[in-house]
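The next block holds one structure in the form of structure tokens; read it before the comments.
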Amino acid sequence: MLEDRRSRILWLAAVVVPVVVVGLGSLLRPELFYDRFLWKYFFGPVVADYEGERLVKNGVAVSPGYTLVSSAVYAYYLLLAVVGGAELLDRLEVGNSSAFFFALVPYGFLGGAARVVEDTGALEAPVAYLFISPVIYFTIFLFTVGVFLVAVKLERGGVVKRYERLVAGAGAVAFVAVAVYLGYIGVTETGIRLWIPAAVVGASTVVFGVIWLPLGRLRPEINAGTGAMGGVLLWGHLTDGFSTVVGVEYLGYSEKQPIVDTVITVTGTTYSFVVLKAGIVLLILYAFDRKFFEEFDRLPYLLLVAVLAVGLGPGTRNTLRMALGV
1 MLEDRRSRIL WLAAVVVPVV VVGLGSLLRP ELFYDRFLWK YFFGPVVADY
51 EGERLVKNGV AVSPGYTLVS SAVYAYYLLL AVVGGAELLD RLEVGNSSAF
101 FFALVPYGFL GGAARVVEDT GALEAPVAYL FISPVIYFTI FLFTVGVFLV
151 AVKLERGGVV KRYERLVAGA GAVAFVAVAV YLGYIGVTET GIRLWIPAAV
201 VGASTVVFGV IWLPLGRLRP EINAGTGAMG GVLLWGHLTD GFSTVVGVEY
251 LGYSEKQPIV DTVITVTGTT YSFVVLKAGI VLLILYAFDR KFFEEFDRLP
301 YLLLVAVLAV GLGPGTRNTL RMALGV
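In the numbering used here, the protein residues as written are 1 to 326.
Structure representation (structure tokens):
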């Protein structure tokens, strides 16, 4: 991916320079760089989410949730992480098959479930901050990379036959462990509204079938490159869409993502978010044709994992959180 020394230096500079500039600025002009940037757009919303209320520090008010500025910065670093991840896969000479993608699917569920652990109030600051969006994306990313590197090492040492199986198994076990804990919280403290996951999963699956089955017959070129991976991607994002419908439309929850909130406000219905999600995913699948996979080798698989994470993770979190009523 980063084929020469110059491209690697540019990637490293893209990662480090903004951090250094903001860090030095926070030391020299804290009222500008820290109070009105780091606190206002990044640290403050995370702390406010933990406290569950609007906060004011040094005259700067913050509320739980994302902002357009923070969303743009997170997208920037997500892209850099994907590029860096592709370089790591190139060096290890792994990650160029659908098995790699499917091995990482459990971590989408895990991230969403782990976020709900914080929602229940089971974690105290500062540990809780690691499980609040969007910080949790980095937490799960680091955990996943650690499991992945160990699995690859064990495969090359002859301990396991396929690293993908170990990666998938570790993610699945971690998710089940968190889900069992949440189930215990539900039974002993909050109660469990089973109709919510049934509604979200049911609606997502039905709409998935309505879209996916005819797609293979009428427009097979759309998912010719992604195959079954595209199906997982579509279903994962539909869960995010329908969990938003259930939460906002029927349970009185509010949307924290400013872009999504704008879509809902402009259209007047949360169902527009489902349509938008499905449309964007289909466009992505169309762009990821066979030629794209052949030309870029490992990058497409990593991009698909990243796209899945920002759909399946929130969908899982929303569904489990609403089921517990927290």
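Think of the CB as a built atom: it goes at the ideal place given N, C-alpha and C, for glycine as much as any other residue. Values in this document were obtained by computation on a predicted structure and should not be read as measured data.
Report yes if the C-beta distance between residue i and residue j is below 8 Å; otherwise report no.
| i | j | result |
| --- | --- | --- |
| residue 105 | residue 232 | yes |
| residue 154 | residue 160 | yes |
| residue 271 | residue 245 | yes |
| residue 14 | residue 102 | no |
| residue 218 | residue 278 | no |
| residue 182 | residue 32 | no |
| residue 116 | residue 298 | no |
| residue 204 | residue 238 | yes |
| residue 50 | residue 128 | yes |
| residue 79 | residue 152 | no |
Going by DSSP in three states, residue i sits in which element: helix, strand or coil?
| i | result |
| --- | --- |
| residue 55 | strand |
| residue 211 | helix |
| residue 9 | helix |
| residue 18 | helix |
| residue 45 | helix |
With which residues is residue i paired in a DSSP beta bridge?
| i | result |
| --- | --- |
| residue 199 | Answer is none; residue 199 lacks a bridge partner. |
| residue 61 | 56 |
So residue i is in the alpha helix (DSSP H); what residue range does that whole segment cover?
| i | result |
| --- | --- |
| residue 105 | 98–119 |
| residue 179 | 163–185 |
| residue 228 | 228–244 |
| residue 272 | 271–287 |
| residue 315 | 299–324 |
| residue 267 | 258–267 |
| residue 144 | 135–156 |
| residue 77 | 68–92 |
| residue 33 | Careful: residue 33 lies outside any alpha helix (DSSP H) and carries neither H nor E. |
If I'm right that residue i touches residue j with Cβ under 8 Å, what's the distance once you round it to whole angstroms?
| i | j | result |
| --- | --- | --- |
| residue 178 | residue 114 | 6 Å |
| residue 64 | residue 48 | 5 Å |
| residue 185 | residue 120 | 5 Å |
| residue 86 | residue 302 | 5 Å |
| residue 273 | residue 260 | 6 Å |
| residue 22 | residue 43 | Not confirmed; about 12 Å, so no contact. |
| residue 111 | residue 140 | 4 Å |
| residue 207 | residue 170 | With a Cβ gap of about 31 Å, residue 207 and residue 170 do not count as contacting. |
Closer than 7 Å to a non-hydrogen atom of the ligand SAM - does that hold for the CB of residue i?
| i | result |
| --- | --- |
| residue 166 | The ligand content of the structure shown is nil, which means the ligand SAM is not present either. |
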